[in-house]
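What follows is a set of notes on a single structure, which appears directly below.
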Amino acid sequence: MHVALIGASGNAGSRILAELVQRGHTVTAIVRNPARVPVLSGVEAKAGDVADEAGLAALLAGHDAVVSAVPFATTDAARLIATVRAAGVPRYLVVGGAGSLEVALGNFPLGLTLIDAPNFPEAYKQEAGAGSVFLDLLRAEKQLDWTFLSPSAMFIPGERTGTFRLGTDLLLSNENGSSISFEDFAIALVDELEKPAHSRARFTVGY
C-alpha cells in the first residue's frame with residue numbers, strides 16, 4: 108500500500124514506519140522536520156503541519172491509507188479529522204490513548220475509565236483527556252473509515268515479540284501490569300491496516 112504516516116519520527120511513529128517498510132509498503136513520512144526521518148527504501152519524507160489544513164490535505168491525497176501518530180493535547184482533533192476527510196483517503200488509522208479504556212482492576216468496577224481512576228497520574232491527564240475527545244469525534248464521524256488503536260497503560264520502548272493480546276474497550280493487563288511496547292503496537296496497527304477487522308471502531312493491544 109501507499110501509506111501517509113503523520114508523526115513518523117515520534118516514539119510510536121518511528122516504529123510504525125519501520126514496520127511498514129519491513130512489510131514492503133511505500134510510505135510518505137510527514138513530519139515538521141524531514142531530516143529526522145531515516146533514509147529508508149520506499150520512504151519519502153515530507154514537511155507537514157497538522158495545523159495547515161490545505162497543505163496537509165494535499166500531502167495526504169492519493170494515498171491508500173493515513174496513519175496519524177501525533178500528540179492529542181497539541182492537536183486540533185476536529186481540524187485533523189476534517190483534513191483527512193477532505194483528502195479523500197479511504198482508510199484512517201489513529202495511534203490512540205489508553206485513558207478512555209474501561210478498567211476492572213482491584214476495587215474499580217467495570218465501566219470506570221482509566222483516566223478517572225484515583226491513581227491516574229495528573230501529568231498525563233491533559234493528553235489522555237484530549238485522546239478521549241478525539242475518539243468521541245471519530246465515533247460521530249459519518250464518512251471516514253477509521254480505526255483507533257489504544258495501547259495499554261504503559262506504552263514503552265521494548266522488543267518486537269509479535270506475542271500480544273487484542274481487546275476492545277477494556278484495558279488489558281496481566282500479572283505484570285498493563286503494558287505494550289512501541290514495537291509490538293506497530294505490529295498490531297499494521298496488521299489492522301493490511302487485514303481490517305475493526306472498521307469504524309476502537310480496539311486495544313497489550314500483553
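Start counting the sequence shown at 108; every next residue gets the next number (our numbering).
We treat Cβ as the ideally placed atom computed from N, Cα and C, and that holds for glycine.
Legend entry - C-beta atoms of Val134 and Ala172 nearer than 8 Å: Using a Cβ distance threshold of 8 Å, Val134 and Ala172 do not count as a contacting pair.
Legend entry - Contact set for Arg192: own chain, Cβ-Cβ below 7 Å, skip 5 residues either direction: Result list for Arg192: Gln250, Leu251, in chain order.
Legend entry - Contacts around Arg272, its chain only, beta-carbon distance under 8 Å, and the 5 residues preceding and following it disregarded: The residues are Leu279, Val312, Gly313, Tyr314.
Legend entry - Beta-carbon proximity check, Ile287 vs Ser259, cutoff 8 Å: In contact: Ile287 and Ser259 (Cβ atoms closer than 8 Å).
Legend entry - According to DSSP, residues forming a beta bridge with Thr254: Thr254 pairs with Leu200, Ala308.
Legend entry - Proximal residues to Leu242 (C-beta, below 7 Å), its chain only, five neighbours per side dropped: Within the same chain, Leu242 has close Cβ partners Gly203, Ser207, Phe255, Arg309.
Inset, instruction - Identify which residue in Gly265, Gly274, Ala180, Thr270 has its Cα closest to the Cα of Ala230. - result: Among Gly265, Gly274, Ala180, Thr270, the Cα nearest to that of Ala230 is on Ala180.
Inset, instruction - Measure the C-alpha to C-alpha separation of Gly149 and Pro141 and round it to an integer number of angstroms. - result: So the two alpha carbons sit approximately 15 Å from each other.
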